[in-house]
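Novice:
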Amino acid sequence: MTSMDVSLKEMMSVDGAVGAAVVDYGSGMALGTLGGSKDLDLQVAAAGNTEVIKAKLRTMEALQLKDGIEDILITLGGQYHIIRPLSGRGGQGLFLYLALERGRANLALARHSLRAIEEKLDI
1 MTSMDVSLKE
11 MMSVDGAVGA
21 AVVDYGSGMA
31 LGTLGGSKDL
41 DLQVAAAGNT
51 EVIKAKLRTM
61 EALQLKDGIE
71 DILITLGGQY
81 HIIRPLSGRG
91 GQGLFLYLAL
101 ERGRANLALA
111 RHSLRAIEEK
121 LDI
């Protein structure tokens, strides 16, 4: 098991990473962040992406889908944003957020890395 700080460092080691966060989607608050820039405020991203998760969960409930979200991908012109809800017992109500520079990132490897980071994370 790894700590949140180690997990954030592992997230930032993914090719193309520009910002990483562990977020509580009950409150919209980032519990931990690493990276970011003047163009990527991770606190604002945490709050905004909380709304994305909540909207998807409401939609799934309305559709009576009995499934869980593995991840949500938002593709921008120059970036990928991956939102991965934690499914482990200690991670209920939390998600990993990773912003990647699109030109330097390998999306499949980034998703694989987030899955592996999630499995080791102990909160």
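For the sequence shown, position 10 (counting from the first letter as 1) is numbered 10 according to UniProt numbering, and the numbering increases by one without interruption. Glycine included, each C-beta is placed from N, C-alpha and C at the ideal position.
Would you kindly report the start and end of the unbroken beta strand (DSSP E) that includes residue 96?
Specialist: Translated into positions along the sequence shown, residue 96 becomes position 96. Taken as a continuous stretch (DSSP letters only), the beta strand (DSSP E) holding residue 96 covers 94-101.
Novice: Could you tell me if residue 119 is buried or exposed, where buried requires 16 or more neighbouring beta carbons within 10 angstroms of its beta carbon?
Specialist: As a first step, residue 119 must be located in the sequence shown, where it is residue number 119. By the neighbour-count rule (16 or more Cβ atoms within 10 Å), residue 119 is not buried but exposed.
Novice: State whether the segment 14-30 contacts the segment 61-76, with contact taken as three or more CB pairs (one from each stretch) at a distance under 8 Å.
Specialist: The segment 14-30 is not in contact with the segment 61-76.
Novice: Output the distance between the C-alpha atoms of residue 53 and residue 99, rounded to the nearest integer angstrom.
Specialist: Within the sequence shown, the letter at position 53 stands for residue 53. Within the sequence shown, the letter at position 99 stands for residue 99. Straight-line Cα distance between these residues: approximately 16 Å.
Novice: Output the residue ranges of the beta strand (DSSP E) runs that lie fully inside the segment 46-97 and measure 3 residues or longer, sorted by chain position.
Specialist: The qualifying runs are 72-75, 79-85.
Novice: Here's the rule: buried if 16 or more other CB atoms are within 10 angstroms of the residue's CB, otherwise exposed. What is residue 101?
Specialist: Mapped onto the sequence shown, residue 101 falls at position 101. Label assigned to residue 101: exposed.
Novice: Which same chain residues, not among the five before or five after residue 7, have their C-beta less than 6 Å away from its C-beta?
Specialist: Residue numbering aside, residue 7 sits at position 7 when the sequence shown is read from its first letter. Closer than 6 Å at Cβ, skipping near neighbours: 117, 121.
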